[in-house]
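Novice: Got a structure here, written out as structure tokens. Questions coming.
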Amino acid sequence: NAGVTQTPKFHILKTGQSMTLQCAQDMNHGYMSWYRQDPGMGLRLIYYSAAAGTTDKEVPNGYNVSRLNTEDFPLRLVSAAPSQTSVYLCARLRPGTVNSYEQYFGPGTRLTVT
Amino acid sequence: SQQGEEDPQALSIQEGENATMNCSYKTSINNLQWYRQNSGRGLVHLILIRSNEREKHSGRLRVTLDTSKKSSSLLITASRAADTASYFCATVQTGANNLFFGTGTRLTVIP
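Written as structure tokens, this is what we have:
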């Protein structure tokens, strides 16, 4: 998946539990993003980060995001709710596409909140 | 809300036929991109067309863009069973720095 790894592949959480979805890239690209994908709704942006140490938009309720270094971009579910059941996709920019935002996506984490 | 809506939601064709899927969007854009998603390879970038372009080709793919109608189409010629996948359009709105995805078209190519 073009140098973007995500762990775990699958996970089941109980309502109220917290967990961190891991995403890592093997290139030195600043821009990374998180999407969630639900049936019939396409992909919805959760958050993006232009560079390590930056926060670029308001983080949606229920999520926490950090970008301590360029390679890692973890997404934390603070207190999971069934509405957060989804497939979570992490992405980085394709080389040479800073201004057009073409992206490489990771394989995804399928998360179920019961 | 979603920036793009795709039509049809699902499409089934015979191998060798052409497949056309359409995307409409709501605001002015810098570019429009098409992605393919199947279970084997995840979500993969196919092609990008900029707002000042009207048509672009890549192999068996042909993309058109009509900014006056805020719509785009993706044509896959001489389809193959391996083209079976979901296809998504995604836009970069003017002044924005992220992608907005449509809801996708599910294409099935019957061998």
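Here the protein sequences come in this chain order: A and B. Under the working numbering, think of the first position of the first sequence as 1, with each following residue one higher. Under the working numbering, think of the first position of the second sequence as 1001, with each following residue one higher. Positions of the beta carbon are idealized from the N, C-alpha and C atoms, including for glycine.
How many Å lie between B:Q1037 and B:L1046 at the Cα?
Specialist: Approximately 10 Å, taken between the alpha carbons.
Novice: Cα separation between B:G1095 and B:P1111?
Specialist: B:G1095 and B:P1111: Cα-Cα distance of roughly 44 Å.
Novice: According to DSSP, which residues form a beta bridge with A:L68?
Specialist: According to DSSP, which records beta bridges pairwise, A:L68 is partnered with nothing at all.
Novice: B:T1108 bridges to which residues according to DSSP?
Specialist: Partner(s): B:S1012.
Novice: B:F1100: buried (16+ other C-beta within 10 angstroms of its C-beta) or exposed?
Specialist: Counting Cβ neighbours within 10 Å, B:F1100 comes out buried, since at least 16 surround it.
Novice: How many whole angstroms separate the CB atoms of A:H11 and A:T85, which I take to be in contact at a CB cut-off of 8 Å?
Specialist: Actually they are not in contact, since the Cβ atoms of A:H11 and A:T85 sit about 11 Å apart, beyond 8 Å.
Novice: Which of the three DSSP states, helix, strand or coil, is assigned to A:S49?
Specialist: In the structure shown, A:S49 sits in a strand (DSSP, three-state: E or B).
Novice: What are the residues that DSSP puts in a beta bridge with B:K1056?
Specialist: In the DSSP output, where bridge partners are listed per residue, B:K1056 has B:V1063.
Novice: Name, going along the chain, the residues of the region 11-26 of chain A whose beta-carbon falls closer than 7 Å to a beta-carbon of chain B.
Specialist: Under the 7 Å Cβ criterion, the region 11-26 of chain A contributes no residue.
Novice: Any idea what DSSP makes of A:S83, helix, strand or coil?
Specialist: Note: A:S83 maps to helix in three-state DSSP.
Novice: Note down the Cα distance separating B:G1042 from A:L77, rounded to an integer number of angstroms.
Specialist: C-alpha separation (whole angstroms): 23 Å.
Novice: I'd like to know if B:N1112 contacts chain A, where contact means its C-beta is closer than 8 Å to some C-beta of that chain.
Specialist: Chain B is shown only over 1001 to 1111; residue 1112 of chain B falls outside these bounds and no answer can be derived.
Novice: With a CB to CB cut of under 8 Å and the five nearest residues on each side skipped, what residues in its chain are close to B:N1052?
Specialist: Correct list: empty, nothing qualifies.
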